[in-house]
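Engineer:
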């Protein structure tokens, strides 16, 4: 009897945490054919923290984010945003897709891409007025791209493209920022600029979650970490979770090929 | 005669049909832009070929019910229904089987078209079928169009234009970044459905004018033509509308002069002429501009390499480099540098030295991204920064 009582209490406490969490997923499973890309993933983001999702190639990191945002349909699982269903809380989430997922020869300018972040607010026919443009320019300035506003997006370097995507997310003025590999293939200056913006968001009380590849920078950049390999191997504050043992469990034999600085790994 | 037709001097009906075709061309150009940007251009080919069985069956049904088999609204209704079935088949094959969209399009297009041809052949053997004129749906024929038909054309085209205006933002968003669209809470499925619905209307209404074989050209050619002239989505849409409108106008007017000529091919040829002109002559993306820009760039690279070779006292091997430098008066015919050449060479070398300092120093990281081997460093750094760089050239820093 006592044991069930304790279990009930624990479960209730977990439920309270989930209700308060900016983004909580439970039992999320996505499969391509009969092979699960992610299997029964539970994840509860901490408000006002930066969380890294880390794992080997094919671990389902991007899939997890996409399924959490309903970009791909999960086979099973529920998602809640601040305790409410996703459908009612879309405007509180900004998503930055992988840079390589779009055609950069698309006929559009930098400023137009950032204005896309205001489309929900503008609606179908609302006119883009001076304040909207000023807001978009402000977002470009925050990522150091204000001089590129009228360039065609194909003329940008990879790092600049990534910054424009971030500016579009900023324009949404969301509470949760979900980024899919924001540092993939970007130059050092861009990485610095992006991490500064993300830390600024966190310090303003926003919640940030990003798929991240460079294990060496995890402790520098992030507060929390989720180690994923189809299932969640470990999740929590970097100091407790980002350990040699957990990494070994997530990466298996492949850890030797991953660049890990032993000093950056706790314990 | 053609001038008369182009100036709308051939009577009320011909004028109405010409204006209707122009409006249809605009609608097709505008709607087709989003199809092109979404990279689903060929789906419209499947849709248009899938109209044929519907046309034939509608004819048979109307005759069987004792009506006039040639009534355009009835034929178009049949065309629309069978095109919708074809579209659903493409969607189903693409999403529910392992077939790719290209294979699905090929399968649906050929099967529906084959079925349509069989039905038309059957109709030829019917008594009422002899003068049906249904073959006009293959290549388009505006001859003999009634006033009511022209009005139907114009109203539908106007409806399409209004719908695209209303939905331009989600349509553009879905074409550029489908994942973001979905994540932001728009329904990608519904946006695509709306786009296909719009394309379906254009196709069905355009059947009589352009014909089902060539309607894909009226949807796609204006968009690819417009893409040569601008880097902005809204401008592509407007230019594509203009190109489509002009094609439809000229095509229908020519058809009024020479009723034996099928309208569709003329419309397509006008569009093609505009496309060809854009391909060759457009300032940004045109073939001519690309060739010129490439040659200009090549010359700058050769000049730069030549100057650096001079500065370092190395011989210049490439004939193009020698020729360019002689022409610019930088070297004499025997390959010895002129005074002007000496000055330019040492300037180039100093530039490179300055750049190498800038690129090695992380505090200049932003400026370093501007390095392309050609840009003068004065364009990138302030005089103060330059002075700092020069100080380091004069006195190499000692690393601790």
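Chains as they are written, first to last, in my numbering: chain A, -15 to 251; chain B, 213 to 612.
Ideal placement from N, C-alpha and C gives every residue a C-beta, glycine not left out.
(1) Would you say residue 137 (chain A) and residue 97 (chain A) are within 8 angstroms of each other, going by their C-beta atoms?
(2) Taking residue 494 (chain B) as the reference, give the member of B:398, B:378, B:440 and B:228 with the closest Cα.
(3) Applying a beta-carbon distance threshold of less than 8 angstroms, which residues of chain B neighbour residue 187 (chain A)?
(4) In whole angstroms, give me the CA-to-CA distance for residue 185 (chain A) and residue 166 (chain A).
(5) State yes or no: is the beta carbon of residue 388 (chain B) nearer than 8 angstroms to at least one beta carbon in chain A?
(6) Would residue 92 (chain A) pass as an interface residue toward chain B - the criterion being a Cβ-Cβ separation below 8 angstroms?
(7) Can you list, in chain order, the residues of its chain whose CB lies under 7 angstroms from that of residue 10 (chain A), leaving out five sequence neighbours each side?
(8) What are the residues of the stretch 581 to 598 of chain B that lie near chain A, defined by any Cβ-Cβ distance shorter than 9 angstroms?
(9) Grouping DSSP H, G and I as helix and E and B as strand, with all else coil, what is residue 23 (chain A)?
(10) For the stretch 430 to 512 of chain B, list the alpha helix (DSSP H) runs that are entirely contained and at least 4 residues long, ordered along the chain.
(11) In the DSSP assignment, what residue or residues form a beta bridge with residue 208 (chain A)?
(12) Residue 14 (chain A) and residue 59 (chain A): beta carbons closer than 8 angstroms?
(13) Considering only the alpha carbon of each residue, which of B:559, B:523, B:532 and B:574 lies closest to residue 549 (chain B)?
(14) Can you tell me whether DSSP reads residue 136 (chain A) as helix, strand or coil?
(15) Kindly indicate which residue of B:509, B:512, B:433 and B:451 has the alpha-carbon position closest to the one of residue 477 (chain B).
(16) Note down the Cα distance separating residue -8 (chain A) from residue 52 (chain A), rounded to an integer number of angstroms.
(17) Taking beta-carbon pairs under 7 angstroms, can you tell me which members of the stretch 446 to 460 of chain B lie near chain A?
(18) Pull up the DSSP beta-bridge partners for residue 60 (chain A), would you.
(19) For chain D, find out if any of its Cβ atoms is closer than 8 angstroms to the Cβ of residue 394 (chain B); answer yes or no.
(20) Going along the chain, which residues of its own chain have a beta-carbon closer than 6 angstroms to the beta-carbon of residue 363 (chain B), five neighbours each way excluded?
(21) Can a CB atom of chain A be found closer than 8 angstroms to the CB of residue 612 (chain B)?
(22) Measure the CB-CB distance between residue 147 (chain A) and residue 169 (chain A) and report whether it falls below 8 angstroms.
(23) Quick check on residue 213 (chain A): buried or exposed, where buried means 16 or more other Cβ atoms within 10 Å of its Cβ?
(24) Quick test of your reading: residue 234 (chain B) and residue 461 (chain B), contact by CB under 8 angstroms. State the CB separation rounded to the nearest angstrom.
(25) Please list, in chain order, the residues of the stretch 424 to 449 of chain B that have any C-beta partner in chain A closer than 7 angstroms.
(26) Does the beta carbon of residue 16 (chain A) come closer than 8 angstroms to any beta carbon on chain B?
(27) Going by CA-CA distance only, name the one from B:498, B:538, B:337 and B:445 that's closest to residue 99 (chain A).
(28) With DSSP as the reference, identify every bridge partner of residue 79 (chain A), one or two as the case may be.
(29) Put residue 243 (chain A) into one of helix, strand or coil per three-state DSSP.
(30) Starting from residue 578 (chain B), find everything on chain A with Cβ-Cβ shorter than 7 angstroms and list it in chain order.
(31) Quick check on this structure: which residue in B:279, B:253, B:274 and B:276 has the alpha carbon closest to the alpha carbon of residue 317 (chain B)?
(32) Look up residue 69 (chain A) in the DSSP assignment and say whether it is helix, strand or coil.
(33) Can you have a look at residue 261 (chain B) and say buried or exposed, based on whether 16 or more other CB atoms are within 10 angstroms of its CB?
(34) Would you mind listing the beta strand (DSSP E) stretches within the stretch 316 to 398 of chain B that are 3+ residues and don't spill past its ends, in chain order?
(35) Below 8 angstroms on the Cβ atoms is my contact criterion, and I expect residue 325 (chain B) with residue 373 (chain B) to pass it. Report the Cβ-Cβ distance as a whole number of Å.
(36) Taking only beta-carbon atoms, is residue 81 (chain A) less than 8 angstroms away from chain B?
Structural biologist: Taking the structure as given:
(1) Along the first chain, one-based indexing puts residue 137 (chain A) at 153. Along the first chain, one-based indexing puts residue 97 (chain A) at 113. Yes, these two residues count as a Cβ contact at 8 angstroms.
(2) Position 282 of the second chain, counting from 1, holds the residue named residue 494 (chain B). Nearest of B:398, B:378, B:440 and B:228 to residue 494 (chain B), Cα basis: B:440.
(3) In the first chain, the residue the question calls residue 187 (chain A) occupies position 203. Those within 8 angstroms of residue 187 (chain A) in chain B number zero; the least Cβ separation is about 24 angstroms.
(4) If you number the first chain from 1, residue 185 (chain A) lands on position 201. If you number the first chain from 1, residue 166 (chain A) lands on position 182. Taking the straight line joining both Cα atoms gives about 15 angstroms.
(5) Position 176 of the second chain, counted from the start, is the residue given in the question as residue 388 (chain B). Output row for residue 388 (chain B): interface = yes.
(6) The count along the first chain starts at 1 and reaches residue 92 (chain A) at position 108. So yes, residue 92 (chain A) belongs to the interface.
(7) Within the first chain, the letter at position 26 stands for residue 10 (chain A). Excluding positions up to five away in sequence, the list reads 26, 61 and 62.
(8) 581
(9) As a first step, residue 23 (chain A) must be located in the first chain, where it is residue number 39. Reduced to three states, the DSSP call for residue 23 (chain A) is strand.
(10) 445 to 469 and 475 to 493
(11) Residue 208 (chain A) sits at position 224 when you count from the first residue of the first chain. When beta bridges are read from the DSSP output, residue 208 (chain A) appears opposite A:35 and A:221.
(12) Stepping through the first chain from its first residue, residue 14 (chain A) is reached at position 30. Stepping through the first chain from its first residue, residue 59 (chain A) is reached at position 75. In this structure, residue 59 (chain A) lies closer than 8 angstroms to residue 14 (chain A) by Cβ.
(13) Position 337 of the second chain, counted from the start, is the residue given in the question as residue 549 (chain B). Per the Cα distances, B:523.
(14) Counting from 1 along the first chain, the entry for residue 136 (chain A) is found at position 152. Note: residue 136 (chain A) maps to strand in three-state DSSP.
(15) Taking the second chain and counting its residues from 1, one reaches residue 477 (chain B) at position 265. Looking at the Cα atoms, B:433 is the closest of the given residues.
(16) As a first step, residue -8 (chain A) must be located in the first chain, where it is residue number 8. As a first step, residue 52 (chain A) must be located in the first chain, where it is residue number 68. Taking the straight line from one Cα to the other gives about 27 angstroms.
(17) So the close ones are 448.
(18) By 1-based counting over the first chain, the position of residue 60 (chain A) is 76. The secondary-structure analysis by DSSP pairs residue 60 (chain A) across a beta bridge with A:13.
(19) The structure shown contains no chain D; the protein chains it does contain are A and B.
(20) On the second chain, position 151 is the one that residue 363 (chain B) refers to. Contacts found: none.
(21) Looking up residue 612 (chain B) in the second chain gives position 400. Residue placement at residue 612 (chain B) is poorly supported in this model, since its pLDDT is 49, which falls under 50; the coordinates still yield a value, given next. No, residue 612 (chain B) lies away from the interface with chain A (no Cβ there is under 8 angstroms from its Cβ).
(22) Translated into positions along the first chain, residue 147 (chain A) becomes position 163. Translated into positions along the first chain, residue 169 (chain A) becomes position 185. The answer is no: Cβ separation not under 8 angstroms.
(23) Your numbering for residue 213 (chain A) matches position 229 in the first chain. So residue 213 (chain A) ends up on the buried side.
(24) Mapped onto the second chain, residue 234 (chain B) falls at position 22. Mapped onto the second chain, residue 461 (chain B) falls at position 249. Right, the Cβ-Cβ distance comes to about 4 angstroms (below 8 angstroms), so this counts as a contact.
(25) 439, 442, 443, 444, 445 and 448
(26) If you number the first chain from 1, residue 16 (chain A) lands on position 32. Closer than 8 angstroms: no.
(27) In the first chain, residue 99 (chain A) corresponds to position 115, counting from 1. Cα-wise, what sits closest to residue 99 (chain A) is B:445.
(28) Working through the first chain from its first residue, we reach residue 79 (chain A) at position 95. Residue 79 (chain A) pairs with A:162.
(29) As a first step, residue 243 (chain A) must be located in the first chain, where it is residue number 259. Note that residue 243 (chain A) scores a pLDDT of 49, beneath 50, so its modelled location is shaky and nothing firm can be said.
(30) Numbered from 1 along the second chain, position 366 holds the residue referred to as residue 578 (chain B). From the beta-carbon of residue 578 (chain B), the residues of chain A found nearer than 7 angstroms are 173.
(31) Position 105 of the second chain holds residue 317 (chain B). Closest by alpha carbon: B:253.
(32) Here residue 69 (chain A) refers to the residue found at position 85 of the first chain. Correct three-state label for residue 69 (chain A): strand.
(33) By one-based count along the second chain, residue 261 (chain B) stands at place 49. Under this definition residue 261 (chain B) is a buried residue.
(34) none
(35) Within the second chain, residue 325 (chain B) is the residue found at index 113, counting from 1. Within the second chain, residue 373 (chain B) is the residue found at index 161, counting from 1. So it is not a contact: roughly 29 angstroms between Cβ atoms.
(36) By 1-based counting over the first chain, the position of residue 81 (chain A) is 97. Chain B, which has a Cβ nearer than 8 angstroms to the Cβ of residue 81 (chain A), makes this yes.
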